[in-house]
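What the sequence shown shows, in full-length UniProt numbering, is residues 1 to 190, in sequence order.
Glycine residues also receive a C-beta, built at the ideal position from the N, C-alpha and C atoms.
Step one of this worksheet: look at the structure below.
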Amino acid sequence: MPRPALVNSDDLLARLSFTFRDVGFEAASMSVLSERTGLKRASLYHRFPGGKQEMAEKVLSRAHEWMSENVIASLRSSRDPEERLTTMMRALEDFYENGARACLLNMLATDAETKSPFADAIRQTLEEWIGALAFCARSAGISEAASKQRALRIVTMIQGGLVVSRGLRTNAPFGAVIEDLPRVLLEREA
């Protein structure tokens with residue numbers, strides 16, 4: 001009979017996610033991942049034969065699932081657009097701990113000179129999120145062109161708010177962005 005796992009799969013992916021969000025992909029050495037997960041390197045390789053890249057792929061896949069279930073599905077629902085946006089805002093506040101946690105997508109992306117092994121998955125998640133925000137705006141009577149522009153602006157604001165919050169070591173920038181989202185997405189066109 002196999003030994004029970006010291007850390008269950010959900011907890012392990014959460015610990016890996018926190019690590020990648022805290023230090024990024026490049027700085028997350030196997031020693032750091034071992035320390036942060038509480039597992040020996042051999043145990044990590046046993047669960048993830050593809051090493052650090054496989055770990056990051058699984059974490060990114062889990063984040064995409066979370067976004068699909070908690071953000072995108074809400075934005076594409078038939079509820080009132082303001083209610084949908086509020087649901088997204090609360091979910092993001094929880095996910096990013098009110099701006100204290102870095103964005104996994106940002107931390108797994110590499111510089112523009114190098115093609116990240118995660119580029120396609122990151123692009124897919126961002127495109128789905130932007131598309132869902134645009135759908136929500138269109139259902140509030142905003143034109144298609146303005147909906148797309150506003151959706152892109154919102155994702156850019158959120159990502160920027162996370163970076164600035166992390167850099168200044170205060171949640172205030174992220175909080176200000178979240179507070180401004182309904183106006184940016186749903187304000188009637190002149």
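- Non-local beta-carbon contacts of residue 131 in its own chain, meaning distances under 7 angstroms to residues more than five positions away in sequence, are absent.
- In terms of CA proximity to residue 34, 43 leads the group 26, 43 and 27.
- The C-alpha of residue 169 lies about 22 angstroms from the C-alpha of residue 36.
- In this structure, the beta-carbon distance from residue 177 to residue 129 does not fall below 8 angstroms.
- 150 is the residue among 150, 119 and 165 whose C-alpha sits nearest the C-alpha of residue 182.
- In the structure shown, residue 39 adopts coil according to DSSP, grouped into three states.
- For residue 7, there is no enclosing alpha helix (DSSP H), since its DSSP letter is neither H nor E.
- With at least 16 other beta carbons inside 10 angstroms of its own, residue 64 counts as buried.
- For residue 96, the three-state secondary structure derived from DSSP is coil.
- Annotated three-state conformation of residue 171 is coil, per DSSP.
- When DSSP states are grouped into helix, strand and coil, residue 115 belongs to the coil group.
- For residue 59, the uninterrupted alpha helix (DSSP H) segment begins and ends at 51 to 67.
- The beta carbon of residue 76 lies closer than 6 angstroms to those of 132 and 135 in the same chain, with the five residues before and after it left out.
- Judged by pairs of C-beta atoms under 8 angstroms, the stretch 45 to 64 does not touch the stretch 147 to 167, as fewer than three such pairs exist.
- Residue environment analysis places residue 115 among the exposed positions, since fewer than 16 neighbouring C-beta atoms fall within 10 angstroms of its C-beta.
- In this structure, the alpha-carbon of residue 127 lies about 15 angstroms from that of residue 145.
- Every alpha helix (DSSP H) stretch that sits fully inside the stretch 119 to 187 and reaches 4 residues is listed by chain position as 119 to 139, 144 to 168 and 172 to 186.
- When only Cα atoms are considered, residue 166 and residue 180 end up about 19 angstroms apart.
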